[in-house]
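A.B. asks:
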Amino acid sequence: MKLSRSAIAMYVGLVFASGAVLGAFGQRLYTVSTTVSAKNPPRNAEEFRKRVVAEMQSRLKLTDPQVARLNEIMDETRASVEETRHKMRPAFQAIHEEEIDKVRAMLTPEQKIEHAKMVKELKERQKQTGRSPGPGF
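641 is the number of the first residue of the sequence shown in the numbering used here; add one for each residue after it.
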C-alpha cells in the first residue's frame, strides 16, 4: 500500500504537533511544580533547620555524632547571628531615623500630617506582624 505525499505530510505534521503538545505540557508541569515549592518556604527558622538537618543527614549519610555536632554548629551560628543583629540594631535604627527626617524635610505641611498618620499606622502593623516598616516611613 502506497501512501500519497499528502498523507505522509499529514502524519509528519501529527507527529510534530503531538511532540509540541507533549513538550508544552511537560514545561507547564515542570514550571508549576518548581513554582509551588518556591512559594511554600518553611514557616519559621525551626522548620527550615529541621529540613536542612534532615536533607544533610539523608544525602550525606551523617552518623548520629555528626548530626549532634551539626546541631551544635547551627546553635553556635544562631547565637552569633543574634549577637551581631543586636549590635547592629542601633546603627540601623539611626539610618532609618535619618531617612525619615529626610523624607519629612521634603514634604509640605499638609503632607507631613498625612505622613505622620502613615508612620503611626505602619508602626501599629509592625507591632502586630513583627516586621519593620518599609523605606521612607
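Every residue gets a Cβ at the ideal spot worked out from N, C-alpha and C, and that includes glycine.
1. If you draw a straight line from the alpha carbon of residue 755 to that of residue 744, how long is it in whole angstroms?
2. In angstroms with no decimal places, state the Cα-to-Cα distance between residue 694 and residue 686.
3. With H, G and I counted as helix, E and B as strand and the rest as coil, what does DSSP make of residue 653?
4. Taking the C-alpha atoms as reference points, what is the distance between residue 747 and residue 768?
5. Taking just the CA atoms, how far does residue 715 sit from residue 692?
6. Fully enclosed by the stretch 703 to 768, which alpha helix (DSSP H) runs are 4 residues long or longer?
7. Let me confirm a value: residue 776 is counted as buried when at least 16 other C-beta atoms fall within 10 Å, else exposed. Which label applies?
8. According to DSSP, is residue 770 part of a helix, a strand, or is it coil?
9. Thinking just about the alpha-carbon of each residue, which of 724, 690, 643 and 721 is nearest to the one in residue 710?
C.D. replies: Short version:
1. For the purposes of this step, residue 755 is taken as the residue at position 115 of the sequence shown. For the purposes of this step, residue 744 is taken as the residue at position 104 of the sequence shown. Between residue 755 and residue 744, the C-alpha separation is close to 8 Å.
2. As a first step, residue 694 must be located in the sequence shown, where it is residue number 54. As a first step, residue 686 must be located in the sequence shown, where it is residue number 46. If I take the Cα positions, the gap works out to 12 Å.
3. Here residue 653 is taken as the residue at index 13 of the sequence shown, counted from 1. Note: residue 653 maps to helix in three-state DSSP.
4. For this step, residue 747 is matched to residue 107 along the sequence shown. For this step, residue 768 is matched to residue 128 along the sequence shown. Going from the Cα of residue 747 to the Cα of residue 768 covers about 28 Å.
5. Your numbering for residue 692 matches position 52 in the sequence shown. Your numbering for residue 715 matches position 75 in the sequence shown. The straight-line gap from Cα to Cα measures roughly 13 Å.
6. 704 to 746
7. By one-based count along the sequence shown, residue 776 stands at place 136. Residue placement at residue 776 cannot be trusted, given a pLDDT of 48 that sits under 50; what the coordinates show is reported in the next sentence. Result: exposed.
8. By one-based count along the sequence shown, residue 770 stands at place 130. Looking at residue 770 - three-state DSSP - the assignment turns out to be coil, as it is neither helix nor strand.
9. The sequence position of residue 710 within the sequence shown is 70, counting from 1. Ranking the options by Cα distance to residue 710, first place goes to 690.
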